[in-house]
Amino acid sequence: MWRDTILDPVVVPLFFTLYWKVRSNLQLAHHARTCLVQLASLNGPIMQNTNIHLEYLTTYMQSFLKLLSNIEIIDQEAIGIANIFKQIIRFFGSGVSNLPEDMQRSLVEQMTRLTCVFAEGASQEESMCLDDCLYMEAFNSLLETWLACLSDYPLFPEEYNRLSSVQIFNTYLQCHLSPPEGKRGTGSKELSSEEIDSSEEDDRTKFEEQLQIIGFFGRQVLSHSLPLLSRLLEDRTSKLKEVLSRLVGQNTSFNIPDLASIENLYEDLHWLVLISGHVLCMESAGETPLVPSEIMSYGLAQAQQGPMDLNATLQLLASPQSNISDINGAEQSADHTVRLIASVFRLSEVAKIAINLNAAQHLSPELCSTIIWFLHRWSLSYLMPKESMYTELSTTLLEAFGEDSPGCQWTFNFLIDKIMCYIKAFKGEPSLIKETMQLLVVLVDSTDKARHLTRLDGFGELVELATKGGSDLPQDAKRGLMRAIVAVGIVFIDTDTPYFEQVLQPLQERFKNIVCHADFPREYHQEQIRAQIMDLLEAFIGACKGVTNMTVTPIFQHTCNVLSELPKLLTLYHNYQQIVQLILDLFCECSKSMLYFLKDANSFLEICLNVVQAYANCNRNRLTVETTAEEDAFQDILSLMQLLKNLLGRDIFNMNSKEPGADPNAPPPDQQVQPINVFFYGLNVVMPMMTIDLLKFPSLCLQYFKMITFVCELHPDKALTLPPELLQQLLISVELGLYSFGREITILSCDIIQVLAKHIFSEAEKGRPKSQIMAPFLNLLMNLIITHQINSDLLANTGIPMYFLICCYQEQYQQLVQTLINEQQDQATAQRLANAFQELTSNLELNTQQVNRLKFRDNFDKFIIEIQGFLMVK
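In my numbering, the protein residues as written are 362 to 1235.
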């Protein structure tokens, strides 16, 4: 009925005029701006005609562009303006391409200008640490809009896109560089003198989506972005080299003026490396990391069009200690992609030289972390690229980093050199060490890469550090080093080299010498002994992380004897939380990485059972733990539950692999330790500890409900035959989970009710006695639904559990329905409620067939809408 009014060509301008009049009144302006945003998303049946669609868009854009051309936007209206752009592109995308050329150009210009304005405003908000970052939100919104404009089917002509990309990319760079070239505000972080605060979100996490889109802009204009980033990095790296040389030569610390200058320099380099990493590499979580197609195409084009000198490019890459000006022809003719990579390599080399000169205290840990992050991210895509994954390949990149190329072997040496340097220099920086280990793991993530690693001169030193590094190495370093050198073992699996014996035997012997020493029962509590034990446990955890299906047998053979000693060790050290935690972590990692691949897992399962028994014996009175303790104090319970879940995974594997012709030498089932039996023994240990107060710890609560859901789905029969007191405790926790611990726990609780009720009904259909244990949930769930104690967006999850409860307990359901109807004082309401319940189960048979479940689900959705429309129950 509003069609003619809304499409009247004077109505939309009227709304803009109204906004113009009230924009200085912030309260009124908000409502008027909301109207403009809604008008920008006008769609539906009245817009089906293409001519009407374009006519309305043209009318709207005339007023919108007129407004933008005549006002200075303030922070309060930035988000609204950004949302108008987003809605126009979202709902009128195809129409935008059909706008008159001058209007389309004006739209792009205004969108580009405001993106830059909002970027600068966001930078100021960040430097001033404001709580309400209005420009930042508006800037992020416009970036998402640009991504929609440029991806797949660009809405604007290529020339417009290119000019906009250059402007936005330049502005973003300037906002993160210090004056005079940049516009970054004061109030930057003191990077050089402070350790990285692991509790604070780092820039690459905080601005992840922003950086990904800026990287996308950079790839649209590689002829501009690659040389610009290279030049800026080269310039600031030279300055850093001069500053560090002066400090090393004088053997002094920064004075106050120098301190501000070096902080700005570190911040510049940090952001330049971040942006470079996002231009060169795309996010690859869950996918095979690849060199972006734009980079490949650009490299081919540069090689064909010239000037591009392969020799100068490779020389530049392999000369990180030299400036680009020292290499003849490199500045004019080196491959632009390799030049940018080489500039980060050069910066990394400067940091390494400073470390070697005992000047690590002058470096910024965050900058070093960002460099390692770049090398990690870059290595995933560029180092030994899989040629079969690409339709076109840059020969320069293949010469520099392809398999069996001279550049590849040099790069491996370069990266390992940096890894070893950082491990030794930054033992007190956990996040930096963690990033360094992630880089090391990338270098062994395939057999071909692992083979390259074994050929390096520094490989022996790496093995030495992993097996004899000592207790002063951080936890992540101990685990990461062992993970890498164990993963390398796949190279020797079909050779005569006793690699695993050489790597793991020394650890076994060290462990044996400690625990089998005659004085160990008297001296086990000494700090030195405990440190050695923890060091070895960390190493074995790392070794388990490096296991594959090809290497599981030799690794288990070399760790089995150590694992079998750990139940006794856990009993001995049960009052030392760190050691208990490490023992459980080791079994968690073993069960996750080895259990599925072991052909005969009986011995490992026996050890697992012994460990759970030892833990149970030492924690009989754990329920008396103070509920005010930190969540970390319950990390061992978390690990124990994860171990039990992993054992259930092996149980699935056993059920799926029962085949004729099983191993004739395997012990009969009644003589084997079954994963499910170990699980339920462990459940008997965990359940008494899980008080309501402990369930208030989010991570503990989530792991607990996941574990219970998993076992109920796999073995509902065994869950329902738990000892009565444990089963009652389980069901009480499920009841609380419906409304006490948040969305995810509510969903898991519904899943538990569903599988248990379904099992009870299925057993009853077979003529077996029907358990009444789940009957109380029928009344509970219905009351929670009617009284709105379950969030409306979670009501759909209650439908199927309710269906199986009704199937199980039809008489109780009828009684419940009648009670609810009788409670209604208004006769009309009672009748409507009766009709709603009648419709809920009409036209379906109550059984396990999917067709009836689906019918009930549809009826249930209508039932919810119906009763919430008229029924208010307090």
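For glycine and all other residues, C-beta sits at the position ideal for the given N, C-alpha and C.
Rounded Cβ spacing between residue i and residue j (contact assumed at less than 8 Å)
i	j	result
Arg394	Gly441	4 Å
His414	Gly456	5 Å
Leu368	Tyr421	In fact, because the Cβ distance is near 11 Å, the residues do not count as touching under 8 Å.
Leu826	Leu842	6 Å
Ala1118	Phe1165	4 Å
Gly638	Arg738	5 Å
C-beta contact flag for residue i and residue j at 8 Å
i	j	result
Leu931	Tyr885	no
Thr1202	Ile1167	yes
Val1072	Phe1102	no
Leu641	Leu593	no
Asn684	Ala673	no
Asn922	Gln863	no
Leu1156	Ile1053	no
Ala499	Ala439	yes
Pro859	Thr828	no
Ile851	Thr912	yes
Leu620	Arg597	no
Phe1314	Cys1169	Outside the shown range of the chain (362 to 1235) lies residue 1314, about which nothing can therefore be said.
Ala664	Leu677	no
Leu601	Val711	yes
Leu898	Leu947	yes
Leu1091	Met1048	yes
Cys769	Met745	yes
Met1163	Leu1142	yes
Gln939	Leu999	no
Lys779	Lys839	no
Coil, strand or helix - residue i by DSSP
i	result
Tyr417	helix
Val1047	helix
Lys839	helix
Trp363	coil
Ile1113	helix
Pro1084	coil
Gly819	coil
Tyr627	helix
Asn1026	Confidence in Asn1026 is poor, its pLDDT being 45 and thus under 50, which makes the residue's placement unreliable; the coordinate value appears in the next sentence. Asn1026: coil per DSSP, three-state reduction.
Gln1035	coil
Arg545	coil
Leu677	helix
Met346	It is not possible to answer for residue 346, since the shown part of the chain is limited to 362 through 1235.
Ile557	Note that Ile557 scores 46 on pLDDT, short of 50, meaning its location in the model is unreliable; the coordinates nonetheless yield the value given after this. DSSP places Ile557 in coil when its eight states are reduced to three.
Pro726	helix
Val1072	helix
Cys1169	helix
Leu758	helix
Pro650	coil
Leu594	helix
Leu1155	helix
Leu330	Here the chain has residues from 362 to 1235 only, and residue 330 is not among them.
Thr856	coil
Tyr751	coil
Leu1145	helix
Classification of residue i by the beta-carbon crowding that lies within 10 angstroms, buried from 16 upward
i	result
Ile1114	buried
Leu1215	exposed
Leu943	buried
Ala879	exposed
His919	buried
Thr1082	exposed
Tyr514	exposed
Pro1036	buried
Ala646	exposed
His1120	buried
Ala892	exposed
Arg981	exposed
Glu570	exposed
His631	buried
Cys490	exposed
Met895	buried
Heavy atom of the ligand GDP within 7 Å of residue i beta-carbon
i	result
Ala1189	Among the ligands in the structure shown, none appear at all, so the ligand GDP cannot be discussed.
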